[in-house]
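Going by numbering that gives the first Met the number 0, the first residue of the sequence shown is number 0, and it counts up by one from there.
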Amino acid sequence: MCLFRKYTPDSVDQGLNVPNYLDLISRNIAANVLIAVIVAVHYAVKQGDKYSLKTLLDNLSHKQRVQPLFTQDRDGNTALHEATLQGQTETVKTLLDNVAPEQQLQLLPVKNRKSNTASQEASGRFGTTDTMRTLEHYQIAANYKVNYRKTVKFT
Numbered sequence: 000m001c002l003f004r005k006y007t008p009d010s011v012d013q014g015l016n017v018p019n020y021l022d023l024i025s026r027n028i029a030a031n032v033l034i035a036v037i038v039a040v041h042y043a044v045k046q047g048d049k050y051s052l053k054t055l056l057d058n059l060s061h062k063q064r065v066q067p068l069f070t071q072d073r074d075g076n077t078a079l080h081e082a083t084l085q086g087q088t089e090t091v092k093t094l095l096d097n098v099a100p101e102q103q104l105q106l107l108p109v110k111n112r113k114s115n116t117a118s119q120e121a122s123g124r125f126g127t128t129d130t131m132r133t134l135e136h137y138q139i140a141a142n143y144k145v146n147y148r149k150t151v152k153f154t
């Protein structure tokens with residue numbers, strides 16, 4: 000679909016007036032930006048670039064942070080799966096710190112094409128016990144926060 004169709008008086012008759020046309024353009028631009036952010040988040044995780052990941056997530060609103068973290072690649076891996084596959088404990092913490100406890104509880108059980116959760120991937124050949132322990136702590140803390148509405152701090 001070409002966004003830059005010539006604006007003519009006939010297009011007004013078809014319901015495509017200037018405000019609607021500009022709205023269409025802005026929605027397409029927003030969708031393209033979201034796709035770029037999703038790709039950048041996954042790339043930063045795969046590269047182990049915690050600084051870029053933190054910068055990306057810090058520049059998004061809380062609502063905007065959710066989509067890149069839940070998006071799965073062609074293997075069904077979320078950014079959390081990628082981080083656990085590589086044993087990147089600090090990246091796992093960064094990813095989970097950027098979503099609400101309710102969303103953590105939705106993100107942790109997501110399965111990839113191998114039907115593995117991030118915790119199961121952490122126990123695989125490249126995962127580490129620190130990463131597994133971190134995922135367990137976040138699972139327990141999120142359950143507690145959601146069910147009892149209290150803050151838990153792990154040291």
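Every residue, glycine too, gets a C-beta built ideally from N, C-alpha and C.
The structure displayed is predicted, hence computed values, not measured ones.
Do the CB positions of residue i and residue j come within less than 7 Å of each other?
i           : j          : result
residue 90  : residue 82 : yes
residue 88  : residue 54 : no
residue 102 : residue 65 : yes
residue 27  : residue 74 : no
residue 43  : residue 52 : yes
residue 56  : residue 97 : yes
Take residue i as the anchor and find which of the options has the nearest alpha-carbon.
i           : options            : result
residue 131 : 116, 143, 51, 63   : 116
residue 79  : 57, 112, 34, 121   : 121
residue 106 : 141, 85, 50        : 141
residue 144 : 100, 118, 114, 113 : 100
residue 48  : 64, 94, 31, 62     : 94
residue 138 : 114, 112, 92, 123  : 92
residue 58  : 39, 46, 45         : 39
residue 76  : 37, 147, 146, 129  : 37
residue 123 : 84, 148, 63, 62    : 84
Return helix, strand or coil for residue i, following the three-state DSSP convention.
i           : result
residue 51  : helix
residue 107 : coil
residue 118 : helix
residue 59  : coil
residue 113 : coil
residue 82  : helix
residue 73  : coil
Apart from the five residues on each side of it in sequence, which residues of its chain come closer than 8 Å, Cβ to Cβ, to residue i?
i          : result
residue 41 : 67, 70, 72, 78, 81
residue 0  : For residue 0, the predicted model reports a pLDDT of 43, less than 50, meaning its position is unreliable and no value from the coordinates is stated.
Within a Cβ cutoff of 6 Å, which residues of the same chain sit near residue i, ignoring the five residues on either side of it in sequence?
i           : result
residue 157 : Because the chain here runs from 0 to 154, residue 157 falls outside it and cannot be looked at.
residue 60  : none
residue 45  : 81
residue 109 : 77
Only counting the same chain, and skipping five residues up and downstream in sequence, which positions put a Cβ closer than 7 Å to that of residue i?
i           : result
residue 114 : none
residue 129 : 88
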